[in-house]
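Position in the sequence shown counted from 1, then plus 95, gives you this note's numbering.
Glycine included, C-beta positions come from ideal geometry on N, C-alpha and C.
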Amino acid sequence: MDIGKKPRMAGFQITTVLRLLPVPRLFAIIDQRFDNRSCLCGHQDRKIIMSEEPPLPRSTVAPPIVASPARRIDALTGDPNFMTSLARGLAVVHAFEARKRQLTIAQISHRTDIPRAAVRRCLHTLIKLGYATTDGRTYSLLPKVLTLGHAYLSSTPMAVTAQPILDRLSEQLHEACSMATLEGDEILYIARSATPQRLISVDLSVGSRLPAYCTSMGRILLAGLDDLALEDYLQHAPLQVKTRRTVHTVEGLRASLDSIRQQGWVIIDQELEIGLRSIAVPLKDSAGQVMAALNVGTHVSRVTLQALESRFLPVLLHASQELSTRLYS
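As structure tokens, this is what we get:
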């Protein structure tokens with residue numbers, strides 16, 4: 096089964112300024128950040144200190160995001176309908192990460208390549224609108240940002256159609272079932288039917304993101320890219336070692352993706368976290384293009400690799416075909 100047929104990238108097609116920072120990705124970056132709800136306290140009225148910050152030591156400055164947002168913004172400034180200020184605001188929000196909830200102006204400027212003065216104005220606006228807060232030095236996002244994205248993600252035709260199928264799968268297999276699309280270097284969860292058992296250290300829900308290279312749905316989606324898009328990904332993707340089982344070299348990942356293109360499905364065994372294994376299949380449109388991925392995740396103590404292939408795979412493939420028929424026939 097060849098899942099890499101056509102020269103077209105998987106996932107949603109985003110236009111205009113939101114091509115710069117896709118809407119689902121913008122909305123997704125917040126989800127994992129609010130497991131601890133202590134930030135719900137009202138900080139909106141705190142006074143913002145506008146003093147210039149001294150440069151940070153090199154070791155404390157976060158690495159810049161690949162393909163500087165500022166450069167992409169500059170490339171579009173000739174468009175009379177392009178709003179530079181909006182694009183910069185989206186880039187500032189995007190600078191926050193799940194493991195870096197608080198950032199200084201200097202750190203955000205370094206991550207985005209946007210001047211500090213512009214970053215300061217973006218943060219000031221976000222605070223005034225209730226989307227961010229500050230302690231005078233560092234800034235963090237508030238849960239209000241979630242209101243921008245969850246309605247969008249959960250109401251897309253793909254997500255609405257998939258949800259009852261995922262619910263049925265989860266009930267049948269007694270495991271968490273999910274669907275995701277590719278957004279940059281990460282997968283974006285757009286539908287999920289969870290179980291009471293937590294599988295990994297971070298709670299997953301609609302809007303959550305995980306690295307593409309070491310997740311089952313990510314491998315499926317990467318295998319669905321055309322050769323040019325895949326080579327671009329392999330050249331800049333940060334392949335980090337998550338566990339001793341993680342495939343973290345370009346050669347190893349390329350070999351895995353070649354196998355997936357022929358096989359049509361994949362099992363990932365403890366590459367993201369020890370104890371977590373999952374199986375994923377593609378969701379294709381009527382032309383055979385990979386549009387999303389479906390998976391079932393489980394713990395090594397509950398399901399063997401053999402059971403994933405013999406018992407879970409047929410059910411998952413049937414669900415993918417059913418969803419494809421409903422969406423694209």
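{"Check": "Is Lys379 helix, strand or coil by DSSP?", "Outcome": "strand"}
{"Check": "Do Pro377 and Ser415 have their C-beta atoms within less than 8 Å of each other?", "Outcome": "yes"}
{"Check": "Taking only the alpha-carbon atoms, compute the straight-line gap between Leu329 and Gln365 and give it to the nearest angstrom.", "Outcome": "21 Å"}
{"Check": "Is the distance from the Cβ of Leu261 to the Cβ of Val410 below 8 Å?", "Outcome": "no"}
{"Check": "Once DSSP output is grouped into helix, strand and coil, what is the label at Gly184?", "Outcome": "helix"}
{"Check": "How long is the line joining the alpha carbons of Ile200 and Arg215, rounded to whole angstroms?", "Outcome": "7 Å"}
{"Check": "What is the rounded straight-line gap between the Cα of Ile362 and the Cα of Asp380?", "Outcome": "22 Å"}
{"Check": "Helix, strand or coil for Cys217, going by three-state DSSP, please let me know.", "Outcome": "helix"}
{"Check": "Have a look at Val385 and Leu181 and give me their C-alpha separation to the nearest angstrom.", "Outcome": "31 Å"}
{"Check": "On a CA-only basis, which of Asp298, Ala165 and Ala318 is nearest Ala271? Give me that one, please.", "Outcome": "Asp298"}
{"Check": "Under 8 Å by Cβ, that's how I've got Ser204 and Arg211 pegged, so tell me the actual separation to the nearest angstrom.", "Outcome": "5 Å"}
{"Check": "Measure the Cβ-Cβ separation of Leu325 and Leu317 and say whether it is below 8 Å.", "Outcome": "yes"}
{"Check": "Taking 6 Å as the limit between beta carbons, can you name the residues of its chain near Cys134, skipping five residues before and five after?", "Outcome": "Interpretation of Cys134 is limited by its pLDDT of 36, a score under 50 that renders its predicted location unreliable; no figure is taken from the coordinates."}
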